[in-house]
Structure formats: structure tokens, C-alpha cells
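Numbers 0 to 220, taken from numbering that gives the first Met the number 0, label the letters of the sequence shown in order.
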Amino acid sequence: MISIALDGPAGAGKSTVAKGVAKELGFIYVDTGALYRTVGLKFLREGYDTTLDCDIEAVLKTIEVDIKFIDGAQHVFLNGEDVSDEIRTPDASMMASAVSAKPPVRAFLLEMQRKLARENNVLMDGRDIGTVVLPNATLKFFVTATVEERATRRYKELCEKGMDVKYDDIYKDIETRDYNDSHREIAPLKPAEDSIMFDTTGNTLQESIDILLKMIKDRIN
Ligand code: DC
């Protein structure tokens, strides 16, 4: 099986680029952030805030996360309910960042991610795929873009979905999440030593897809 790790900060364009590239390669695209978001959603629904002042292990015991591919698109399920849309709100984003810093949560989702890579050719998008989840991935990329560019993209994406959001809030959310994701003790966001850097600032989506696809094809063929 071929596994390609795609790590990088929130909103760098990983998911849209990876979806396009995975389609061209005939690989499945795994969005691991959606798994953390699904876990975070459960904590939100239980009424906890991002301080997570609770017995995390006990809450995890009440959670079953599933991932299914419907017409090539990934859907995530929380105890059997498709929550693929609900996990995209700003509240769910902040909660995903909070739960993702907790070791029991990372351990809870680890095997599920590895199993997907054992059984499929995958393009796996996350923060610690090349460093922790798939240290032996066939190829590893670290995808970045400036905070301004990432905030603008996320703002447009949420507006297109009809969500009532403010650019400044999104900008601050991204800054906060970058800080949290790169400063947590466990599996912080950082490039694997053997990862290839890819800055998407200023590229159109199609340009990024073409560049990444070429970098992959040059290396796996
Ligand atoms: O990629 P995303 O924005 O949907 O991710 C949501 C949160 O989950 C983000 O704050 C970081 C965290 N995350 C993580 O810690 N490890 C991953 N492999 C993927 C996401």
C-alpha cells in the first residue's frame, strides 16, 4: 500500500488540494481533523468548554467514531449519526483543537488511522501523520500558507456554506489554533524531518493540485 502524509496548519488548503490529488491518483483521501472534530463535538454536546475540566476517559467510553466513504467523499459518524456538517462550525473547530491536545484522545484515534492506511492507498491529511501516525509513510509533505491567506480562504468557505461569520474572528481562531497545535506537548504540529515543504500562498487551487500531483508522480513512479 502507498501512503502519503500531508501535514500542516489549519486552512493551508490541504483538504481541497488533497481531495483533488487523491481523485487523480485513485487513492482515498482521509481527513483526520474530522475525527478530532467528531470527538470534540461530543464534548460540546455534553456541555463542556475548551478547558475540558472533566473525566476525558469516561466521556471517550461513550463515543464511537466511524468513518465511511460515500461516493468517494468521507463522512464521519458519532455514535451512528452522520455529523459531517455539524463538525465544521467555529465552536467545533475550537473544541477539536482542545481535545486534540489530550493524550487519551490521540490514543483513541490512532489505531483507526493506521488501519485505514494498512488497508488502502491513502492520502492522509492531518498534523502528525508523518511524525506519529505513519512514520513510515511512502511520502510526506508539509503544506503551509500565510495566516492572512488561510483566514481568507476559510472565511470564503464558511460564507459559501451560508454561515454567519466574521473575518477577524476567523483570523484570530486560526492564530490561536496554530499556537495551540504547535505548542502542545503531545504530537505537536511540526514537519517530519523527511517531509517536503509545500507553500500554497498565492496559488489557485488547480495550481496547487497540479504542483503536488507532479511532486508525487515524480517520486512514486
Ligand atoms: O484539520 P482540521 O482543522 O479539521 O483539524 C481540527 C483540529 O484537530 C485542529 O485544531 C488540530 C487537530 N488535529 C490534530 O491534532 N491532529 C490531526 N492529525 C488532525 C487534526
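Just so it is clear, CB atoms sit at the ideal spot from N, CA and C, and this is done for glycine as well.
Those residues which DSSP pairs with Gly129 across a bridge: Sequence index remark: in the sequence shown, residue 129 carries index 130 (1-based). Note: Gly129 sits in no beta bridge, so no partner.
Could you compute how far the alpha carbon of Glu80 sits from the alpha carbon of Ala9? Residue mapping note: residue 80 aligns to position 81 of the sequence shown, counting from 1. Residue mapping note: residue 9 aligns to position 10 of the sequence shown, counting from 1. Cα-Cα distance, rounded: 25 Å.
Pair within 8 Å by beta-carbon distance, Thr49 and Val82: Here residue 49 corresponds to residue number 50 of the sequence shown, with the count starting at 1. Here residue 82 corresponds to residue number 83 of the sequence shown, with the count starting at 1. Contact: no.
Backbone secondary structure at Glu56 - three-state DSSP: Within the sequence shown, residue 56 is the residue found at index 57, counting from 1. Reduced to three states, the DSSP call for Glu56 is helix.
Along the chain, which unbroken stretches of the alpha helix (DSSP H) at least 4 residues long are found entirely within the segment 160-186? 166-182
Measuring from the CB of Asp222, is there a heavy atom of the ligand DC at a distance below 7 Å? Coverage of the chain is limited to positions 0 through 220, which leaves residue 222 absent and any answer about it impossible.
Inspect the beta-carbon positions of Leu40 and Ile86 and report whether they are closer than 8 Å. By 1-based counting over the sequence shown, the position of residue 40 is 41. By 1-based counting over the sequence shown, the position of residue 86 is 87. Against a cut-off of 8 Å, the Cβ pair of Ile86 and Leu40 comes out as a contact.
What are the boundary residues of the beta strand (DSSP E) that includes Asp90? Along the sequence shown, read from residue 1 onward, the residue named residue 90 stands at position 91. Segment 89-99 is the alpha helix (DSSP H) holding Asp90; no beta strand (DSSP E) there.
Quick check: the Cα distance between Phe107 and Met123, rounded to an integer number of angstroms? As a first step, residue 107 must be located in the sequence shown, where it is residue number 108. As a first step, residue 123 must be located in the sequence shown, where it is residue number 124. Between Phe107 and Met123, the C-alpha separation is close to 17 Å.
Compare the Cα-Cα distances from Thr203 to each of Phe141, Thr15, Leu138, Ile185 and report the closest residue. For the purposes of this step, residue 203 is identified with residue 204 of the sequence shown, where counting begins at 1. Cα-wise, what sits closest to Thr203 is Thr15.
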